[in-house]
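Heads up, the thing below is written out as structure tokens.
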Amino acid sequence: MNIREIQEEIIDEFSMFDDWEERFQYVIDLGKTLPLIAAQYKTDENTIKGCQSKVWLHSEIKDGKVVFTADSDAIITKGIIAILIRVFSHQTPEEILSANTDFIDQIGLKEQLSPTRANGLVSMIKQIKMYALAYTAKK
1 MNIREIQEEI IDEFSMFDDW EERFQYVIDL GKTLPLIAAQ YKTDENTIKG CQSKVWLHSE
61 IKDGKVVFTA DSDAIITKGI IAILIRVFSH QTPEEILSAN TDFIDQIGLK EQLSPTRANG
121 LVSMIKQIKM YALAYTAKK
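Residue numbers (our numbering): 1 to 139.
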């Protein structure tokens, strides 16, 4: 599945819920399905700067595609990074760099977050794109 198709799938899933209480519960549930980052990658080097809570993000390249793992010490944040990993993991660096993130506005997520959490969301996306940029530079 390409990035746009995954984003459309997420938009459809969020549209099934009537209110933000149900959507936040869904975000929390998504966080519980997050492929956990190996303990060896829970380091300061893999911590996303700009997040209110601790978020660790690790990436590696496999068969030309970037594979992300992550974790967070906050349940909502863990759900948010789970959504981003679902969208961007197993895609090429070029696809990640050229992808837009307007699906976040379409599901209304950013406007439901506190300013510090919204900044954290932006930091997570920025870090994902930075990993992708680093892989394109290595080619």
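Backbone N, C-alpha and C fix where the C-beta goes; we use that ideal spot for every residue, glycine too.
Using 7 angstroms as the threshold, is the C-beta distance between VAL145 and GLY79 below it? Residue 145 is absent from the model: the chain starts at 1 and stops at 139.
Pick out whichever of THR33, LEU84, PRO93 and LYS42 has its Cα sitting closest to the Cα of VAL66. Put simply, of THR33, LEU84, PRO93 and LYS42 the residue whose alpha carbon is nearest the alpha carbon of VAL66 is PRO93.
Touching or not, the region 59-78 and the region 127-135, by the rule of three or more beta carbon pairs under 8 angstroms? yes
Residue environment, ARG4, which counts as buried when at least 16 other CB atoms sit within 10 Å: Exposed, since its Cβ has fewer than 16 Cβ neighbours within 10 Å.
Per-residue DSSP class, three states only, for ILE37: coil
Can you name, in chain order, every residue of its own chain whose Cβ lies under 6 angstroms from the Cβ of ALA37, other than the five neighbours on each side? First, the residue type needs correcting, since residue 37 is Ile and not Ala in the sequence shown. The answer, listed in chain order, is TRP56, HIS58, THR69, ALA70 and ASP71.
Cα-Cα separation, GLY64 to SER89: 12 angstroms
Proximity winner among GLU60, THR33 and LEU34, relative to ASN46 (alpha-carbon distances): Nearest in C-alpha terms to ASN46, of all of GLU60, THR33 and LEU34, is GLU60.
Can you tell me the Cα-Cα spacing of GLU95 and GLY50, whole angstroms? When rounded, the separation of the alpha-carbon atoms in GLU95 and GLY50 is 24 angstroms.
Pull the bridge partners of GLN91 from the DSSP assignment, please. VAL66
Per DSSP, TRP20 forms a beta bridge with which residues? Residue pairing by DSSP leaves TRP20 without any beta bridge partner.
Measure the CB-CB distance between ILE75 and GLY31 and report whether it falls below 7 angstroms. In contact: ILE75 and GLY31 (Cβ atoms closer than 7 angstroms).
Alpha carbon to alpha carbon, how far is TRP20 from LYS138? Using only the alpha carbons, I get a separation of about 42 angstroms.
Strictly by DSSP, which residues pair up with THR47? Paired residue(s): TRP56.
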